[in-house]
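Asker:
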Amino acid sequence: MSFSGRGVNAEGNTTVGVSSNLTWWQKGVFYQIYPRSFQDSDGDGVGDLKGITTRIGYLKDLGIDCVWLSPICRSPMKDFGYDCSDAEDVDPIFGNLEDFKELLAEVHNQGLKLIVDFVPGYTSDQHVWFQKSIRREGKYTNYYVWDDGKILDNGTRVPPNNWLSIFGGPAWQWNEVRQQYYYHVFIKEAPEMNHRDENVEWELKSILRYWLDLGVDGFRADAIPNILTVSNHSWDEPLSGKDVPQDQDDYLDHIYTQHQPEIAPILKGWYDLLDEYTLQDGRLRYMVLETYAPHSVRNSLYAQGQGNPFNFDLLQMSRPPTTREVYKTIMEEYTNLLPGKWPNFVLGNHDNTRVSARNGYQYVDAYNMLLLTLKGTPTTYYGEELGMLQADISWNETKDPWGLNYGPDRYKQVSRDPERTPMQWTDGPNTGFTNGPSTWLPLGKNYTSLNVKVETETPGQTSLKLYKELLVLRKNQAFTEGSFKTALVTDDVLSYLRQLRNETFLVVLNFGKEATVDLSSFGGLSGTALALTPKITLLKKDDIVSLTSMTLRAGDGVVLRVKAPSDSELIG
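The opening residue of the sequence shown carries number 1 in the UniProt record's numbering; numbering runs sequentially from there.
So, in structure tokens, the structure goes:
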């Protein structure tokens with residue numbers, strides 16, 4: 001793979017050069033499925049593998065290239081599958097291993113790829129490894145992070161330090177049988193494994209081999225920054241200085257519990273294993289890392305091997321962000337990328353509020369247009385192609401352990417339930433997600449109008465139709481391999497060019513308020529409209545559009561075919 005010449009010219013314009021020899025994951029579009037919420041096949045109100053299998057045709061028609069499946073492992077479901085009690089089995093709520101094999105076969109039959117979640121940091125406290133570690137049985141004795149704690153002057157035993165769980169409260173839990181504290185980053189029922197024990201690394205590679213032998217195309221590795229802490233547990237973390245409650249995770253600066261340098265060689269071991277499989281049969285395997293971290297940390301620790309750390313910067317902008325903040329966020333990904341590495345962008349996932357809630361519903365289509373026309377690998381969270389809204393979930397309906405830990409007064413600050421509501425298929429009962437009487441979470445807002453059936457059958461443009469049009473456009477090499485050049489950037493409008501050989505496309509997006517701009521310097525006097533957001537009613541596909549005076553309202557976006565400008569015409 002070649003990722004050539006990026007730079008910033010005197011006017012501040014960023015150029016990212018032409019690429020070649022791209023892999024499937026660099027050219028592809030990823031689609032995240034949260035299994036509990038995609039499609040139920042047995043009427044229990046919870047999504048499952050057979051349900052997902054029936055919808056692979058939809059994903060093929062949508063135009064995506066790779067399905068990312070959130071956890072399906074056997075689990076007590078204290079954290080909905082991230083707390084695995086057996087990482088080599090399927091939880092009965094989702095089906096069984098044969099159901100998974102049928103799903104994988106259907107994905108591959110449709111010409112798509114499948115990656116699955118890999119949770120390397122922790123297990124359920126019901127896992128046989130943890131139960132044996134509690135009893136100090138042989139090699140399992142040090143599979144987890146244990147500590148005696150410390151004794152105060154009054155004789156009271158307390159945790160060894162002030163470390164906090166991401167879900168709130170102390171990160172240490174006393175175990176009466178072993179007479180020690182164990183460390184947990186998330187829920188207390190999910191003890192952290194000890195990655196300094198070579199047996200643990202052997203076990204994790206065995207899990208990777210198991211799923212690779214089944215035929216998966218790769219993995220999304222969970223919570224990588226947290227898989228290792230300093231070995232000295234007597235060190236307290238310093239205060240962050242943030243005005244938050246003392247039991248809240250970001251009350252501390254996590255210099256001892258995140259981004260430890262010893263993580264890098266662990267990752268290399270996993271990447272080497274994937275490369276081993278690739279060499280055997282020529283099928284490239286891929287791993288993407290969940291890493292909420294600045295570019296400097298992503299580059300130093302995580303950007304190695306046949307994969308990428310996720311770039312979550314678009315998720316972490318102001319709410320709502322300004323057009324110039326959107327521009328700055330994109331440029332930071334391009335300008336901070338290590339030589340030979342590949343950019344990627346994410347707009348949503350199971351841990352963050354949906355685009356409609358973060359940035360405003362009127363901008364959803366513009367953000368999808370942005371995601372699918374940038375240079376780099378895009379990841380879409382299920383339902384974003386519809387513009388799905390979040391549900392208003394009451395305390396009594398709350399399922400997320402993070403929200404439950406925060407209590408009825410604060411749960412809405414952190415609960416992830418609103419972005420995990422069932423996929424909206426039809427305007428019928430329970431939106432076609434289940435034929436049962438209820439759903440595991442309430443349905444999202446406006447599901448009767450924001451669903452696959454209605455958006456497919458409605459005359460004119462819809463969010464879903466736009467998404468599909470953009471994925472057809474993206475098959476053009478100008479969008480995968482071509483150069484990226486910023487054109488005009490104002491307080492309201494962001495525009496850029498995607499170009500390869502004799503084809504040039506101009507993308508114009510309004511993330512602010514109504515504005516009229518002159519774009520003739522970037523593509524001539526006019527261009528041909530190829531994709532338009534639904535609220536643009538005065539134009540239609542294939543119309544000739546004047547570039548000398550283009551008016552866009554808030555949330556409008558358009559992709560045009562234009563003539564190629566010279567580099568001297570570009571300004572920032």
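C-beta atoms are modelled at their ideal positions from N, C-alpha and C, and glycine is treated no differently. None of these values were measured; they are calculated from a predicted model.
(1) For F80, which of helix, strand or coil comes out of DSSP?
(2) Short check: CB of S549 to CB of T516, under 8 Å?
(3) Where do the ends of the beta strand (DSSP E) carrying N109 lie?
(4) Who are the Cβ neighbours of T448 in its own chain at under 7 Å, not counting the five residues just before and after it?
(5) Would you mind sorting K513 into buried or exposed? The rule is 16 or more other CB atoms within 10 Å of its CB.
(6) Within this structure, are the beta carbons of G403 and D417 separated by less than 8 Å?
(7) Three or more C-beta pairs closer than 8 Å, one from the segment 287-304 and one from the segment 459-468: is that the case here?
(8) So L314 packs on L289, CB below 8 Å; how close in whole Å?
(9) Helix, strand or coil for K150, going by three-state DSSP, please let me know.
(10) Along the chain, where does the beta strand (DSSP E) containing K113 start, and where does it finish?
(11) Check L49 in the structure and name its three-state DSSP category.
(12) Could you give the residue range of the alpha helix (DSSP H) that holds Q413?
(13) Roughly how many angstroms separate the alpha carbons of N96 and D491, rounded to a whole number?
(14) Pick helix, strand or coil for E88, following the three-state DSSP scheme.
(15) Between the C-alpha atoms of P76 and G555, what's the straight-line distance to the nearest angstrom?
(16) Under DSSP, the beta strand (DSSP E) around A531 begins and ends at which residues?
(17) Any idea what DSSP makes of T242, helix, strand or coil?
(18) Please give me, in chain order, every unbroken run of the alpha helix (DSSP H) with length at least 4 that falls completely inside the segment 445-494.
(19) For S520, which three-state DSSP category applies?
(20) Near Q180, which residues of its chain fall below 7 Å by C-beta distance, leaving aside the five closest residues on each side in sequence?
(21) Which ranges would you report for the alpha helix (DSSP H) in the segment 145-219 if only whole runs of at least 4 residues count?
(22) If you reduce the DSSP assignment to three classes, tell me which class Y496 lands in.
(23) Would you kindly work out how many angstroms separate the C-alpha atoms of V562 and F484, rounded to a whole number?
(24) Can you check which of these residues, I544, P343 and R324, is closest to F310 by C-alpha distance?
(25) Thinking C-alpha only, which one of E325, M369, L301 and L104 is nearest L338?
(26) By how many angstroms is the C-alpha of E102 removed from the C-alpha of E325?
(27) Any chance you could list the beta strand (DSSP E) runs of at least 3 consecutive residues sitting entirely within the segment 320-371, in chain order?
(28) Given a cut-off of 8 Å on the beta-carbon distance, is the pair H233 and P160 in contact?
(29) Name, in chain order, the residues that DSSP records as bridge partners for T551.
(30) To which residues does DSSP link N510 through a beta bridge?
(31) Tell me whether E192 is buried or exposed, calling it buried when 16 or more other Cβ atoms sit within 10 Å of its Cβ.
(32) With distances taken between CB atoms, is the gap from L112 to E385 smaller than 8 Å?
(33) Using the Cβ count rule (16 or more neighbours within 10 Å means buried), how would you classify T434?
(34) Whole-angstrom Cβ separation of L59 and P120, contact assumed at under 8 Å?
(35) Under a three-way DSSP split, which group does K268 fall into?
Answerer: This is what the structure holds:
(1) coil
(2) yes
(3) No beta strand (DSSP E) holds N109; the alpha helix (DSSP H) holding it covers L97 to N109.
(4) D427
(5) exposed
(6) yes
(7) no
(8) 17 Å between Cβ atoms; not a contact.
(9) strand
(10) K113 to F118
(11) helix
(12) Y411 to V414
(13) 52 Å
(14) strand
(15) 43 Å
(16) S526 to L532
(17) Residue identity check: residue 242 is Lys in the sequence provided, not Thr. In this structure, K242 counts as coil in the three-state DSSP scheme.
(18) 452-457, 463-474 and 477-480
(19) helix
(20) W146, D147 and D148
(21) 198-214
(22) strand
(23) 14 Å
(24) P343
(25) L301
(26) 44 Å
(27) 344-346
(28) yes
(29) T516
(30) V493
(31) buried
(32) no
(33) buried
(34) That belief does not hold up - the Cβ atoms of L59 and P120 are roughly 27 Å apart, past 8 Å.
(35) helix
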